[in-house]
Structures are given as C-alpha cells and as structure tokens.
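There are 2 protein chains.
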Amino acid sequence: MSSPPANGIRSQIAAYVIDQIRSGAWMPGDRLPSESQFMATLGASRMTVHHALRELTAQGWLVRRKGSGTYVAPAQTYASHYGHRDIRQEVESSDAAYSARVVAQESKAAGEDMARVFGCEAGTPLFHAVVVHCADGRPVELEERYVNPQVLPEFPALDLTQRTLFSCLMLSHPSREGVETIGVMLCNAAEQALLECDGATPAMEIIRCSWTGDAIVTHARLVRIGAMAYLSGDIGRR
Amino acid sequence: MSSPPANGIRSQIAAYVIDQIRSGAWMPGDRLPSESQFMATLGASRMTVHHALRELTAQGWLVRRKGSGTYVAPAQTYASHYGHRDIRQEVESSDAAYSARVVAQESKAAGEDMARVFGCEAGTPLFHAVVVHCADGRPVELEERYVNPQVLPEFPALDLTQRTLFSCLMLSHPSREGVETIGVMLCNAAEQALLECDGATPAMEIIRCSWTGDAIVTHARLVRIGAMAYLSGDIGRR
DNA sequence: GCAGATAATCTGTATATACAGGTTAAAAGC
DNA sequence: GCTTTTAACCTGTATATACAGATTATCTGC
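Just so you know, the protein sequences line up as chains A and B, in that order. Remember, the working numbering sits 1198 above the position in the first sequence when you count from 1. Remember, the working numbering sits 1198 above the position in the second sequence when you count from 1.
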C-alpha cells in the first residue's frame, strides 16, 4: 500500500526500513544507521538516502533530529483513534484510584471463534484473561482478552492487578495494526454480576483485534459502563 | 504544528499550499500550478519546489500524477476515524431503503451553549435542523444539527429528505478539522417518540463539532440505535 | 472529420556539491 | 578529577544536471 511500485532505490530503502519496524527488529526510539552508513551499505548517494528517510519521516515512521540522528517514531495511534489507551492511566487521569480484580488468568483452548481470529486450529492453547477494572472500587470496565502465547510467554506470571495486559503488550509489541468495533449493548447476567450493574445500564462494547506483521497479537472485548463509556478525540488529519 | 520553524523556502512553499487548501481557495481535485510555474513565481529551483510538494504528498495533502500534474487530495477523514460518513450511504450500503423525516429546519437564536460553541453572542441566529433518518422506514438515527449560516446560506431551501446536511456540508466544505465524542445513553421521552423506541433501548450518542480555519462550520448531535449503533474501522497507521 | 503520429508538458528518480547548524564525544587545560 | 574547548558527526537546506516515463495537446495525413 505504502509503495506499490517498489522499484527504484528510494522505494527499496523505504520498504527496507518499514520492514525492519514492522517486524520489530527496530523498536520505537531505536536509532537508525546514519545517512552515511546507509550510503556505504546500500551504495546509494546520500541525497537518495536522505530523501527516502525524509519521506518516511513525513509519513510518521521516523523522527529525525538535526545533529543527532534518525530514530523510529514512538507508536502513537496504537490503541485507537481516540485517546483511550491504558485503562489504568485513564482511571487515574480522572483522579480516581485504580484497582483490578482478576477473574481469570489461564491457558485456554481456542474455540472455533478464536481459532478463526488467530488463524489456528480449534483447541490450540491461547492465553486467556478476564479482568474487572475499577475506579475508586467501582467496576468501570470488563476486559476479556486472548493473547498469542508466542508474543507474551511470561503471561502466566504477570500480576494483572498491578499492570494491565494492555501496557504489557505495548512494551513488547508497541507498533501494530488492528481493527476496532465500537457498539452499545446491555449486560447479560454474568456481566451484570462482574460489573455490579443492572440490565438497564447502557454499556459500550469495544472489540479490538491487533497484529504485528502477520501474527495476531491479541483479541480483546471491553465492556465499559458509567464514566468510562465514552470516547473523545480529534477528527480530520488536516 | 505541521511546520513550527516556518523558515526556509521549502517550508514557506508548504505553508502557502496548506493555507490555500485550508482556506478553501484550492479544493480537493483542483490542479496546482506546475513545478515550473512555482519555480518562476517563487524564484526557487525546481528541486526545492519538488521536495516541498513531495513532502505534502507524503503527508496526504496532495496527489501527484506523473505526466499530468499535482492535485489537492480528496478529503478522506472528514467525518470520523471510523468509516461512517453519510448516514444515507451507510443505510443504503446495508441494502436498506433510506428515508428521512424533517422535524425542524429553521433559523434559531443561539442559546448559551451554542454561543459558546460557535464563538458568537447568545441570540445570534443559527441554522438549526432536526432530522430522523430511517432504514426501511424504521428510525435509526436522530440528528440535531446547528450550522453556521455563513457557510451554508442556501440552508432554508434544502430538501433534507433527499440530501443529508452532511453531504451538503461535505460539498461546500470538504476539508475541515473537528472534535468528536462518542458515548452511550438511554433516550428521553422526546427521543423515544422520534426514534420510536422505548427507554430501555441502548443508544450511541455522537457529538461532533467541526471547523475550517477559524470558522465553526457545524455542531451535530447524533443518536443512533439498532444496527446503526456501532462503528468499525482500522486502528494504527502502520 | 477522424485517426494516428508527434511534440510539448509534467512529474519521478538519481546524483552531485556546498554550506548551515545542532549534537555529541573526545581532547585539552586547569 | 572536573570543566571547558574543540573537533567529528549528523541532519537540514538549496541548487544544479541529466534522464526516464507518463500524460496531454497539437499537428499531420488520409
């Protein structure tokens, strides 16, 4: 998409850099080789390298600092177009005390739906967590998440009351793509019990699936109620 | 934001082009002067012009076609990060028949809230519309919108059953910025009557305010129910 | 009048040079 | 050992040339 022709030295350099970032070889904040190093390695002139890197900077892949070097840009829109990121940060930014209750944290065989999502066979073990996030002790979000075991092998040892799965995945796989669906719903009995609400409480349902390159990283279903059941952000990139 | 330094010929060219687009002097699809013309007009070398235009292309402002010319890019993210655009198109894309009921289409004095939004004094006349959008005759979205009279003077004559205000505003002011808030809610009595639903139906509330340059274009409150009460889209720009 | 060949126009790419200016690490001085 | 100066390094900018390739309008010939 980014470079359909893919011919030309400049496009090749750009494609190479993007590949390195997509694969995770170069992480946000990492320093890239200098223009001179690229020049020597690839046999292209400095200006050609310069233009390639400059274009990637304009597209948001890189950050360049005069006198210092070229760096992989921090992942910004990793969670959503809207400002919601780590639920813990969201809760705490509203001057409420964050707490979490871990309902489940286990290895679970993929059902047919998750097998489709993760592109594996039904029965393949996936990591599975159910966490209730609370603000000042009151439940505000129910998180049910499946995680690819290969991308987060330390999953079983994580203390999910202290650190959200979201933040753990952000550290290990900061830049990834995904799809997100937002809807409204009413809670069923199980959800009512966990969120301590009744069946008339309107809730926001966020289903998010993200991946890096070709590996599905995680699939999450978030049910938000009360003050957390809204999203806000800028629209239009101009 | 785009060019804080603003010094340098290249930045000046870029700033000039962006200004022309922002102000509406150059509309999406319009053809820009050629590199040679810029060169002659601004006294810069062709490569300098070339790099400036190329950068704006990478940032999504322009589209360039070899052998043809440089054009203002079509506005893409004008409505939301998610795919929802014209409600009529959304309804029809789900193979349903679109219809609309115009509840109000008038000039209305700004209350204190809208005066704050539009940056005018309370009492200033604004265009005001309330429209119920239906899919196969069943209400799916309630739209209450205020429009700046200066940006859409033909408002009173519009047939809102045939053409949505959204599409009208898109034609006259295609590229604009804005803020959007999405939440969940339950309908009050008036909304229940218009949407033909009960008070237990969960609804999605979308409040959107957009502007061009420094003039507020429109403020809309959309209440969606049923199949329209969800949004879906890609996340992550990488 | 219409179709095809031709020329003009315009962007794409690669490369070269020259200098400006910020950053960083090494070297010199105390 | 610590501070200060210096030099090396790196990106930013502007400009020039040369050629490739696509598009569009013009001109020619039938």
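Even glycine gets a Cβ: it sits at the ideal position worked out from N, Cα and C. Remember, it's a predicted structure, so these values are computed and weren't measured experimentally.
Leaving aside the five residues that flank residue 1394/B on each side, the residues in its chain whose CB is nearer than 8 Å to its CB run, in chain order, 1336, 1337. Every unbroken stretch of the beta strand (DSSP E) spanning 3 or more residues and falling wholly within the region 1367–1430 of chain A is given here in chain order: 1375–1384, 1400–1410, 1413–1422.
Residues of the region 1420–1433 of chain A whose Cβ lies closer than 9 Å to any Cβ of chain B, in chain order: 1422, 1423, 1427, 1428, 1429, 1430, 1431, 1432, 1433. Neighbours of residue 1261/B across chain A, judged by C-beta separation under 9 Å, do not exist; the nearest C-beta is about 14 Å away. Bounds of the alpha helix (DSSP H) holding residue 1221/B are 1207–1221. Residue 1235/B: member of the alpha helix (DSSP H) spanning 1233–1240, first to last residue.
Taking a Cβ-Cβ cut-off of 7 Å, the neighbours of residue 1256/B in chain A comprise 1253, 1256, 1257, given in sequence order. Interface annotation, residue 1384/B: in contact with chain A, CB-CB separation under 8 Å. For residue 1313/A, the enclosing alpha helix (DSSP H) covers residues 1310–1316. The three-state reading of DSSP puts residue 1323/B in strand, counting E and B together.
Contact between residue 1263/B and residue 1255/B is absent: CB atoms are separated by about 11 Å, not below the 8 Å threshold.
Taking 8 Å as the upper bound for CB-CB distance, residue 1333/A and residue 1370/A are not in contact here, some 26 Å apart.
In the structure shown, residue 1260/B adopts extended strand secondary structure according to DSSP, grouped into three states. Per DSSP, reduced to three states, the secondary structure at residue 1305/B is strand.
Against chain A, a Cβ distance below 7 Å from residue 1416/B picks out nothing, because the smallest value is about 13 Å. Contact of residue 1402/B with chain A is assigned, a C-beta pair being separated by under 8 Å. Within the region 1320–1336 of chain B, no residue places its CB atom closer than 7 Å to a CB of chain A.
In the three-state scheme derived from DSSP, where H, G and I count as helix and E and B as strand, residue 1268/B is classed as strand. Boundaries of the beta strand (DSSP E) around residue 1338/B: 1336–1345. Sequence-distant Cβ neighbours of residue 1272/B in its own chain, meaning closer than 6 Å and more than five residues away, are 1226. With a cutoff of 8 Å on beta-carbon distance, residue 1356/B and residue 1329/B are scored as not near each other. Residue 1227/A is outside the set of residues whose beta carbon lies under 8 Å from a beta carbon in chain B. Using a Cβ distance threshold of 8 Å, residue 1343/B and residue 1416/B count as a contacting pair. Within its own chain, the residues whose Cβ lies closer than 6 Å to the Cβ of residue 1381/B, once the five positions on either side in sequence are excluded, are 1403, listed in chain order.
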